[in-house]
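A short worksheet on the structure shown next.
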Amino acid sequence: MTFLSSSPRRRFGPDELRVAQNLAERVTVAIENAQLYRTLQEQDRRKDEFLATLAHELRNPLAPVRNGVQILRLSGVGEAAGRTLNMMDRQLGHLTHLVDDLMDVARVSSGKVVLRNDRVSLKAVVDAAVETSRQAVEAAGHEFVLRVAAEPLLLSADHTRLVQVLANLLNNAAKYTPQGGRIVLSAQRDGGDAVVTVSDTGVGIPADMLPKVFELFAQVGTSIERSQGGLGIGLTLVKRLVEMHGGTVRAESPGPGRGSTFTVRLPLAAAPADAPALLRAPGGGAANRLDILVVDDNRDAAESMALLLEMRGHRVKAAHDGPEALKLLATYRPQLILLDLGLPGMSGYEVARRIRESAALRGVTLAALTGWGQEEDRRRTKEAGFDHHLTKPADPAELERIVTGVQAGGR
Ligand SMILES: Nc1ncnc2c1ncn2[C@@H]1O[C@H](COP(=O)(O)OP(=O)(O)O)[C@@H](O)[C@H]1O
Ligand SMILES: [Mg+2]
Numbered sequence: 002m003t004f005l006s007s008s009p010r011r012r013f014g015p016d017e018l019r020v021a022q023n024l025a026e027r028v029t030v031a032i033e034n035a036q037l038y039r040t041l042q043e044q045d046r047r048k049d050e051f052l053a054t055l056a057h058e059l060r061n062p063l064a065p066v067r068n069g070v071q072i073l074r075l076s077g078v079g080e081a082a083g084r085t086l087n088m089m090d091r092q093l094g095h096l097t098h099l100v101d102d103l104m105d106v107a108r109v110s111s112g113k114v115v116l117r118n119d120r121v122s123l124k125a126v127v128d129a130a131v132e133t134s135r136q137a138v139e140a141a142g143h144e145f146v147l148r149v150a151a152e153p154l155l156l157s158a159d160h161t162r163l164v165q166v167l168a169n170l171l172n173n174a175a176k177y178t179p180q181g182g183r184i185v186l187s188a189q190r191d192g193g194d195a196v197v198t199v200s201d202t203g204v205g206i207p208a209d210m211l212p213k214v215f216e217l218f219a220q221v222g223t224s225i226e227r228s229q230g231g232l233g234i235g236l237t238l239v240k241r242l243v244e245m246h247g248g249t250v251r252a253e254s255p256g257p258g259r260g261s262t263f264t265v266r267l268p269l270a271a272a273p274a275d276a277p278a279l280l281r282a283p284g285g286g287a288a289n290r291l292d293i294l295v296v297d298d299n300r301d302a303a304e305s306m307a308l309l310l311e312m313r314g315h316r317v318k319a320a321h322d323g324p325e326a327l328k329l330l331a332t333y334r335p336q337l338i339l340l341d342l343g344l345p346g347m348s349g350y351e352v353a354r355r356i357r358e359s360a361a362l363r364g365v366t367l368a369a370l371t372g373w374g375q376e377e378d379r380r381r382t383k384e385a386g387f388d389h390h391l392t393k394p395a396d397p398a399e400l401e402r403i404v405t406g407v408q409a410g411g412r
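The sequence shown: position 249 = 250 (this note's numbering), numbered continuously.
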């Protein structure tokens with residue numbers, strides 16, 4: 002550091018020099034801290050990006066495999082093969098879940114998840130979460146007790162995200178409790194808050210780990226002694242989603258072997274309830290076949306999807322890039338187009354825009370089929386003219402709903 006003074010002739014005494022030296026050291030430390038902070042931030046951003054890319058790349062191969070399992074099932078197989086298929090389907094579901102969590106945690110960390118702000122009933126959230134975790138709880142032979150307040154409790158919230166929060170806590174309770182334990186979920190009002198607790202009689206959490214379990218990748222015990230799988234991201238996601246809702250979550254445990262309790266506190270919505278939204282009646286079982294175009298550059302994904310739809314009685318064509326699809330569509334008039342977004346050369350968005358510009362293709366239902374499934378991606382596909390947004394691997398039930406909608410004459 003250069004020592005400057007207004008009078009160049011002046012000589013500095015040892016005290017002054019010491020002060021200057023001291024100041025210089027402090028400034029150096031401050032600058033180094035700032036640099037370190039920036040490096041860490043940059044690393045953090047790169048980690049988030051890496052996680053998002055990893056999740057996306059893992060999803061792509063999952064799609065044809067999931068289709069394949071459905072195809073084999075529909076073709077009718079023997080008893081042993083049937084049991085194997087069920088096992089594969091369960092494991093695939095598990096893998097899909099892990100990949101979804103991975104994707105979510107990366108996107109939540111980088112602020113890319115935008116919450117819906119709907120009027121949501123806490124009871125509906127609890128019911129959906131219980132349904133989601135039912136299999137895990139029952140498979141472990143746990144007793145399950147549900148205590149939900151009789152009065153309606155309403156939140157301004159994102160239903161799907163809150164279900165994800167509670168389902169994560171229930172799954173953990175089921176997972177970290179030895180066979181035949183007891184899980185209690187209670188949802189009550191406490192002043193202006195809704196308070197949900199999930200308690201179990203399981204392995205508990207040592208006191209020094211309690212503040213850490215919400216950290217990314219934090220798990221109690223080493224991987225060798227752990228018999229349970231998992232990536233250690235569920236609770237990170239829980240905490241971030243709850244905080245995005247203006248709430249808090251905390252963990253308590255009297256110690257190893259003595260169970261755990263997780264408490265989520267969320268602000269209640271201020272105003273009274275709106276009238277419940279009208280549910281559109283399902284389109285009365287018209288079993289007519291559809292003409293469907295599947296566009297995906299991953300040939301396995303395209304072919305397996307086409308085969309799956311054909312087995313359901315539809316007529317299907319496949320294309321593997323945008324120009325090929327558009328060329329086909331010059332003469333071909335499907336009612337439904339399943340369009341991958343990440344196509345080489347011309348993106349799915351661009352293909353969608355061109356389809357929407359074509360008068361001959363007016364009224365065709367467009368569904369995006371993609372590895373990207375966040376709110377922002379959904380908004381983008383909507384803007385590009387898509388009617389639906391399916392994330393890979395497409396959930397067979399969701400696909401069926403779209404098909405039924407088109408059969409019923411809707412989009
Ligand atoms: N109900 C529970 N009882 C005991 N330990 C728990 C419970 N829930 C979470 N934990 C501990 O917290 C860690 C982090 O949980 P989570 O983020 O959901 O990751 P994962 O379940 O994938 O390991 C778990 O690995 C486990 O050690
Ligand atoms: Mg977990």
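The beta carbon of each residue, even a glycine, is placed where N, CA and C say it ideally should be.
In whole angstroms, what is the alpha-carbon distance linking residue i and residue j?
i, j, result
"Arg162", "Leu116", "8 Å"
"Val214", "Val138", "21 Å"
"Thr366", "Leu339", "9 Å"
"Leu217", "Leu211", "14 Å"
"Lys393", "Asp301", "13 Å"
"Pro345", "Trp373", "16 Å"
"Asp45", "Ala385", "31 Å"
"Leu59", "Asp49", "15 Å"
"Gly323", "Arg120", "40 Å"
"Arg11", "Val28", "24 Å"
Just checking residue i against ligand 1 - is the residue's beta carbon closer than 8 Å to any of the ligand's heavy atoms?
i, result
"Phe145", "no"
"Asn289", "no"
"Gln180", "no"
"Asp222", "Here residue 222 is Gly; the residue named in the question, Asp, does not match the sequence. Yes, the Cβ of Gly222 comes within 8 Å of a heavy atom of ligand 1."
"Ala219", "yes"
"Asp201", "yes"
"Ser134", "no"
"Phe263", "yes"
"Met210", "yes"
Please name the residue, chosen from the options, that lies closest to residue i on a Cα-to-Cα basis.
i, options, result
"Thr371", "Ser359, Val28, Leu269 and Leu391", "Leu391"
"Ala168", "Asp191, Ser157 and Glu132", "Glu132"
"Asp388", "Arg313, Gly374 and Ile403", "Ile403"
"Ala320", "Met312, Gly349 and His143", "Gly349"
"Thr97", "Val317, Gly231, Pro324 and Gly258", "Gly231"
"Ala368", "Glu253, Gly79, Leu294 and Lys124", "Leu294"
"Pro62", "Asp297, Gly181 and Asn289", "Asp297"
"Ile407", "Gly364, Ala385, Val109 and Gly374", "It should be pointed out that residue 407 corresponds to Val in this sequence rather than to Ile. Per the Cα distances, Gly364."
"Ser254", "Lys318, Ala409, Ala208 and Asn299", "Ala208"
"Val70", "Arg412, Gly411 and Pro397", "Pro397"
"Ala175", "Asp159, Val109, Gly205 and Ala409", "Gly205"
"Leu362", "Asp292, Glu401, Thr405 and Leu308", "Asp292"
"Ser111", "Ser122, Gln42 and Ala353", "Gln42"
"Ala125", "Gln165, Val100 and His95", "Gln165"
"Gly235", "Leu156, Leu269, Asp102 and Phe13", "Asp102"
Would the C-beta of residue i count as close to ligand 2, meaning under 8 Å from any of its heavy atoms?
i, result
"Lys213", "no"
"Asn169", "yes"
"Lys415", "Residue 415 cannot be examined here, being either before or after the span of the chain that is shown, 2 to 412."
"Gly205", "no"
"Leu236", "yes"
"Gly374", "no"
"Glu94", "For the record, residue 94 in the displayed sequence is Gly; it is not Glu. No."
"Gly231", "yes"
"Asn173", "yes"
Counting C-beta neighbours from all protein chains within 10 Å, is the total for residue i 16 or more, i.e. buried, or is it exposed?
i, result
"Arg67", "buried"
"Ser76", "exposed"
"Met104", "buried"
"His315", "buried"
"Thr249", "exposed"
"Ile32", "exposed"
"Asn172", "buried"
"His95", "exposed"
Any beta carbon from chain D within less than 9 Å of residue i's own beta carbon?
i, result
"Asp102", "Included in the structure is just one protein chain, with no chain D present."
ask   = Does the stretch 180 to 192 come close enough to the stretch 142 to 150 that 3 or more CB-CB pairs lie under 8 Å?
value = With contact defined as three or more Cβ pairs closer than 8 Å, the stretch 142 to 150 and the stretch 180 to 192 are in contact.
message = Any contact between the stretch 367 to 379 and the stretch 317 to 333? By contact I mean 3 or more CB pairs, one from each, below 8 Å.
response = Judged by Cβ distances under 8 Å, the stretch 367 to 379 makes no contact with the stretch 317 to 333, as fewer than three pairs qualify.
Any 3 or more C-beta pairs closer than 8 Å across the stretch 191 to 199 and the stretch 258 to 266 = Contact between the stretch 191 to 199 and the stretch 258 to 266 is present, because at least three Cβ pairs lie under 8 Å.
request  = Say whether the stretch 236 to 247 touches the stretch 110 to 130, bearing in mind that this needs 3 or more beta-carbon pairs closer than 8 Å, one atom from each stretch.
outcome  = The stretch 110 to 130 and the stretch 236 to 247 touch, with three or more beta-carbon pairs separated by less than 8 Å.
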